[in-house]
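Novice: In full-length UniProt numbering, the protein residues as written are 1 to 314. Below are the structure tokens for one structure; questions will follow.
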Amino acid sequence: MRRMVAETRLDPADLILPAFVREGVSEPVPIGAMPGVVQHTRDTLRRAAVEALEAGVSGIMLFGVPEDEKKDGLGTAGTDPEGILQVAIRDVRAEVGDELVIMSDLCLDEYTDHGHCGVLDEDGRVDNDATLERYAEMAQVQADAGVHVVGPSGMMDGQVGVIRDALDTIGKEDVSVLAYTAKYSSAFYGPFREAVGSSLKGDRKTYQQDPANLRESLRELALDLEEGADMVMVKPAGPYLDVLAKVAEAVDVPVAAYQISGEYAMVEAAAEKGWIDREKAILETLTGIRRAGGRMILTYWATEAARMLAAGRR
Ligand code: PBG
Numbered sequence: 001m002r003r004m005v006a007e008t009r010l011d012p013a014d015l016i017l018p019a020f021v022r023e024g025v026s027e028p029v030p031i032g033a034m035p036g037v038v039q040h041t042r043d044t045l046r047r048a049a050v051e052a053l054e055a056g057v058s059g060i061m062l063f064g065v066p067e068d069e070k071k072d073g074l075g076t077a078g079t080d081p082e083g084i085l086q087v088a089i090r091d092v093r094a095e096v097g098d099e100l101v102i103m104s105d106l107c108l109d110e111y112t113d114h115g116h117c118g119v120l121d122e123d124g125r126v127d128n129d130a131t132l133e134r135y136a137e138m139a140q141v142q143a144d145a146g147v148h149v150v151g152p153s154g155m156m157d158g159q160v161g162v163i164r165d166a167l168d169t170i171g172k173e174d175v176s177v178l179a180y181t182a183k184y185s186s187a188f189y190g191p192f193r194e195a196v197g198s199s200l201k202g203d204r205k206t207y208q209q210d211p212a213n214l215r216e217s218l219r220e221l222a223l224d225l226e227e228g229a230d231m232v233m234v235k236p237a238g239p240y241l242d243v244l245a246k247v248a249e250a251v252d253v254p255v256a257a258y259q260i261s262g263e264y265a266m267v268e269a270a271a272e273k274g275w276i277d278r279e280k281a282i283l284e285t286l287t288g289i290r291r292a293g294g295r296m297i298l299t300y301w302a303t304e305a306a307r308m309l310a311a312g313r314r
């Protein structure tokens with residue numbers, strides 16, 4: 001009866017798998033603060049994409065981890081057609097074609113030696129407009145590599161519009177933009193910074209949002225839609241379900257939520273200590289995000305959760 005009258009149902013197709021691929025490694029590298037998640041080799045990434053697809057997951061979001069010596073002030077590896085992310089996009093596209101939606105992180109922090117999401121001005125501050133030029137170039141190389149959806153996560157003002165124009169200019173009108181609309185400056189990104197080997201010192205408070213603000217997200221939302229966002233996202237998910245619900249109520253484009261590294265790490269750590277039922281906790285967090293209005297959910301548990309759902313675990 002409970003199942004029959006449930007107001008919220010999760011489906012494997014709601015899920016998108018974020019995945020890391022590291023340049024120059026022959027074995028996958030475990031991420032300490034994210035048990036069960038690895039920095040993939042090119043080969044294991046292809047396999048992970050196939051497994052996600054077979055489990056019914058609808059998309060994969062790719063993050064590149066370049067060799068340390070390739071990082072520089074401008075994040076050059078992020079716009080190199082032979083850079084790790086571009087290579088990985090081509091690999092995955094060759095493997096799964098159009099069966100799985102291939103998404104890419106469009107941000108400089110994985111490629112800069114200072115670890116910021118943009119380029120810096122003379123005073124060491126993130127230069128918004130100079131960064132937009134880099135993003136435009138990134139969008140074009142990622143599109144050339146065969147990505148279906150780009151995900152600008154750097155929170156620069158005007159990024160969606162600049163990226164849309166850059167894509168249209170090279171005839172990539174059908175590459176979509178998933179806007180990181182509400183992205184909060186969150187302590188829960190901690191494990192991710194290990195996952196991409198980030199060298200960031202300091203914080204991202206000059207470009208990410210204050211956790212105290214909700215109305216600010218609705219302003220960001222209006223701007224992103226005006227600039228041409230095809231889909232919008234709220235991130236993190238769990239601590240911001242109210243934001244997610246408001247955003248979902250306000251728009252008619254697809255709404256995504258990103259259950260981030262720290263949200264993953266908390267459940268895994270508590271489960272490892274035997275303090276909670278791991279599978280139930282995973283499905284409960286995902287159901288909550290879905291109930292709040294997240295149509296698409298980016299989660300490191302995507303493949304496993306899709307299998308649980310297929311097996312009828314509730
Ligand atoms: C920035 C980016 C971050 C995440 C995705 N894209 C980190 C940040 O803003 O510091 C975090 C994802 C996670 O924590 O799982 N490129």
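All C-beta atoms, glycine included, are put in the ideal place defined by N, C-alpha and C.
Name, in chain order, the residues that DSSP records as bridge partners for F20.
Specialist: Q39, F63
Novice: With a cut-off of 8 Å on the beta carbons, I'd call R164 and G78 a contact; round off their distance for me.
Specialist: Actually they do not touch by this definition, with Cβ atoms about 19 Å apart.
Novice: The ligand PBG: which residues have Cβ under 5 Å from any of its heavy atoms, chain order?
Specialist: C107, D109, S153, Y189, F192, I260, S261
Novice: Could you pull the DSSP bridge partners for T112 from this structure?
Specialist: D72
Novice: To the nearest angstrom, report how far apart V96 and K70 are at their CA atoms.
Specialist: For V96 and K70, the gap between their C-alpha atoms comes out near 29 Å.
Novice: Taking the beta strand (DSSP E) that D283 falls in, what are its first and last residues?
Specialist: Asp is not the amino acid found at residue 283; the sequence shown has Leu there. For L283, there is no enclosing beta strand (DSSP E); the residue is part of the alpha helix (DSSP H) that begins and ends at 278–292.
Novice: For residue 316, which three-state DSSP category applies?
Specialist: Since the first residue shown for the chain is 1 and the last is 314, residue 316 is missing from the structure and cannot be characterised.
Novice: Relative to the alpha-carbon of S153, which residue among Y180, L167, D168 has its alpha-carbon at the smallest distance?
Specialist: Y180
Novice: If I'm right that L298 touches P35 with Cβ under 8 Å, what's the distance once you round it to whole angstroms?
Specialist: Not a contact, Cβ separation roughly 19 Å.
Novice: In whole angstroms, give me the CA-to-CA distance for Y135 and K273.
Specialist: 42 Å
Novice: Less than 6 Å between C-beta atoms, sequence neighbours within five positions excluded: which residues of the same chain meet that for Q39?
Specialist: F20, R22, V29, V65
Novice: Do Y240 and Y184 have their C-beta atoms closer together than 8 Å?
Specialist: yes
Novice: Distance check for R215 and V5, CA to CA, integer angstroms please.
Specialist: 34 Å
Novice: My output table needs one value for A182: the three-state DSSP class, helix, strand or coil.
Specialist: strand
Novice: In whole angstroms, what is the alpha-carbon distance linking V25 and E82?
Specialist: 16 Å
Novice: Give the C-beta separation of I289 and L244 to the nearest angstrom, bearing in mind that I take them to be a contact with Cβ-Cβ under 8 Å.
Specialist: Their Cβ separation, rounded to whole angstroms, is 7 Å, which keeps I289 and L244 in contact under 8 Å.
Novice: Can E263 and F192 be called in contact, C-beta distance under 8 Å?
Specialist: no
Novice: Identify the continuous alpha helix (DSSP H) that holds P191 and give its terminal residues.
Specialist: 190–195
Novice: Using the C-alpha atoms, what's the distance from T287 back to V141?
Specialist: Rounded to whole angstroms, V141 to T287 spans 36 Å at the Cα level.
Novice: Counting only the same chain and skipping the five closest in sequence on each side, list residues whose C-beta sits under 6 Å from that of A145.
Specialist: Here the set comprises Q86, I89, R90.
Novice: Any idea what DSSP makes of P30, helix, strand or coil?
Specialist: strand
Novice: Just reading off the beta strand (DSSP E) that S58 is part of, what are its end residues?
Specialist: First-last for S58: undefined, no H or E at that position.
Novice: Here's the rule I'm using: 16 or more other beta-carbon atoms within 10 Å means buried, otherwise exposed. How should T285 be labelled?
Specialist: With 16 or more other CB atoms across the displayed protein chains lying within 10 angstroms of its CB, T285 is buried.
Novice: Determine, using beta carbons only, whether D68 and L309 come nearer to each other than 8 Å.
Specialist: no
Novice: Thinking C-beta only, is L167 closer than 8 Å to A130?
Specialist: no
Novice: Output needed for Y300: all residues of its chain with C-beta closer than 8 Å, excluding positions within five of it in sequence on either side, in chain order.
Specialist: L17, P18, M34, G36, V37, Q259, S261, Y264
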